[in-house]
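Colleague: Before I ask anything, here is the structure I am working with.
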Amino acid sequence: MLLRRLFAVLILLLSAGCASVPRKPVVDIPAHGLVLVEICRRDGITCEWDGLGQTVAVSSRENRVLAMVGSTLAFSGERQVTLSAPPLLLSGAVIVPPDLEAMIVSSAGKAEVPRWIGRVVVDAGHGGKDPGALGVNKAKEKEIVLDIARRIRDGLVRAGIEVIMTRDDDEFISLADRSQSGSRPEVDIFLSIHANAHKNRSARGIEVFFSGPLNSTDLADDQRIRNGRLMLSSLGLENSSAELRRIVFDMLYASKMSASPRLSAAISRHLSGTIPDSRNRGSKPARFFVLRHTLTPAVLIETGFVSNLREARLLTSESYRRKLADGIVESVLEFLYDQGL
Ligand SMILES: [Zn+2]
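Quick note: my numbering has the sequence shown finishing at residue 936, numbered continuously throughout.
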């Protein structure tokens, strides 16, 4: 029944030809909204309406923005963005918020990209019954990383970024809960903070990880599916069509896979510049649980080896933790600004 109805909508839209964007409505337009078809005519940009997926795509030569009816989640190129209001269908016309138009015409110099608040999840690894790695100087990873995470939070908050901590105390948080914190539409970045250990005590340096491409087993993982449901319900799309769900998840995946390696490389590069006495072990793909199952861009930073005496001492010093946190904050801010914050 549902399929037949969707098929009928599709036929209707196709038979309307290229001007398949629904026309101007006879009802009053909400104060915040613009009629999609008028934007396209006025700005000379291309608008596409997919009635099956309930998606709107607006594109110029420089950029393409994809948005969904009823949701503030949108994608500018491969970047995940939040609209000021969800696109609506009113009397057969698509109504969109003005910032959607600004995103597309700004690249042609006609309007400014709107500013929005960045939100970062800072995830201090381990905690409670899980001490993490134990340092040669008896330092515990869970204590080192909580202190660094708090400094990162303070630096980001000072810069006007909203921060969500997965823990702000010595408590145990499951990997599932951590990955859920990074699977909400309002989150721009998930940062997981750890310290490394190796049986070879000469191993040292900072390394930053991101998720490589996921295989079909990863994509079907129970936790990933639970996080997907959480994302859809936060977007008000829990009863949406399978087609729309597929579009949302494909775009989220593309956004995460494009942003995470860039952020990881930026942090790695920045830290090697600001902390030259530490060895730069680079930016690499890895299969950590929180990297695979968070739906937003995610990186995991190994801030040094507690199994190496020199680095264990550095990681327990306040000045080194401050340098690390400052370097991470600066690279995150640069990344967010580059993304158009
Ligand atoms: Zn760890």
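No residue lacks a Cβ here, since even glycine has one placed at the ideal position from N, Cα and C.
Quick check on DSSP: helix, strand or coil for A790?
Modeller: Three-state result, A790: strand.
Colleague: Just to confirm, are A728 and A792 a CB contact at a threshold of 8 Å?
Modeller: It is a contact, given that the beta carbons lie within the stated cut-off.
Colleague: Let's see if you can read the secondary structure: which residues bound the beta strand (DSSP E) around D718?
Modeller: Unbroken beta strand (DSSP E) run through D718: 714 to 719.
Colleague: Would you report the Cα separation of A939 and R840, rounded to the nearest angstrom?
Modeller: As shown, the chain starts at 596 and ends at 936. That puts residue 939 outside it, with no answer to give.
Colleague: Grab the span of the beta strand (DSSP E) containing V653 for me, first residue to last.
Modeller: Unbroken beta strand (DSSP E) run through V653: 650 to 654.
Colleague: Measure the C-alpha to C-alpha separation of V717 and G646 and round it to an integer number of angstroms.
Modeller: When rounded, the distance between both Cα atoms is 38 Å.
Colleague: Anyone know if the C-beta pair for E696 and H789 falls short of 8 Å?
Modeller: No, they are not a contact pair.
Colleague: So what does S914 bridge to, in DSSP terms?
Modeller: In DSSP, S914 forms no bridge with anything.
Colleague: Are H721 and R819 closer than 8 Å when you measure CB to CB?
Modeller: For H721 and R819, no; Cβs fall outside 8 Å.
Colleague: So, are the CB atoms of I937 and V653 less than 8 Å apart?
Modeller: Outside the shown range of the chain (596 to 936) lies residue 937, about which nothing can therefore be said.
Colleague: List the endpoints of the continuous beta strand (DSSP E) containing S671.
Modeller: Start and end: 668 to 671.
Colleague: Are there 16 or more other CB atoms within 10 angstroms of the CB of T667, so buried, or fewer, so exposed?
Modeller: Buried, since its Cβ has 16 or more Cβ neighbours within 10 Å.
Colleague: Does ligand 3 have even one heavy atom less than 7 Å from the beta-carbon of H789?
Modeller: As far as ligands go, the structure on display features ligand 1 and does not contain ligand 3.
Colleague: Three or more C-beta pairs closer than 8 Å, one from the stretch 915 to 934 and one from the stretch 744 to 753: is that the case here?
Modeller: With the cut-off at 8 Å, the stretch 915 to 934 and the stretch 744 to 753 touch.
Colleague: What does the alpha-carbon distance come out to for the pair S863 and Q649?
Modeller: Taking the straight line joining both Cα atoms gives about 40 Å.
Colleague: I'd like to confirm something about G730: is its beta-carbon nearer than 7 Å to some heavy atom of ligand 1, or not?
Modeller: Result no, Cβ not under 7 Å from ligand 1.
Colleague: On the criterion of 16 or more Cβ atoms from any shown chain inside 10 Å, does N810 qualify as buried, or is it exposed?
Modeller: Classification of N810: exposed, given that the 10 Å Cβ count is below 16.
Colleague: Hey, would you say the C-beta of H888 is under 7 Å away from at least one heavy atom of ligand 1?
Modeller: Flag unset: Cβ of H888 not near ligand 1.
Colleague: Would F804 count as contacting chain D if we go by Cβ distances under 8 Å?
Modeller: No chain D is present in this structure, which holds just one protein chain.
Colleague: Are the beta-carbon atoms of F767 and G823 separated by less than 8 Å?
Modeller: Going by C-beta atoms, F767 is not nearer than 8 Å to G823.
Colleague: Which one of L830, S914, R674, E781 has the shortest CA to CA distance from P682?
Modeller: For the residues L830, S914, R674, E781, the minimum Cα distance to P682 belongs to L830.
Colleague: S863 by DSSP, collapsed to three states: which one?
Modeller: Reduced to three states, the DSSP call for S863 is helix.
Colleague: Assuming contact is defined by CB atoms lying nearer than 8 Å, are I743 and A920 in contact in what I supplied?
Modeller: Yes.
Colleague: Can you look up E643 in the DSSP assignment and give me helix, strand or coil?
Modeller: It is a strand residue.
Colleague: Taking buried to mean at least 16 other C-beta atoms within 10 Å of its own C-beta, is K619 buried or exposed?
Modeller: Unreliable placement is indicated for K619, whose pLDDT of 44 sits below 50; the coordinate value is still reported in the next sentence. With fewer than 16 Cβ atoms within 10 Å of its Cβ, K619 is classed as exposed.
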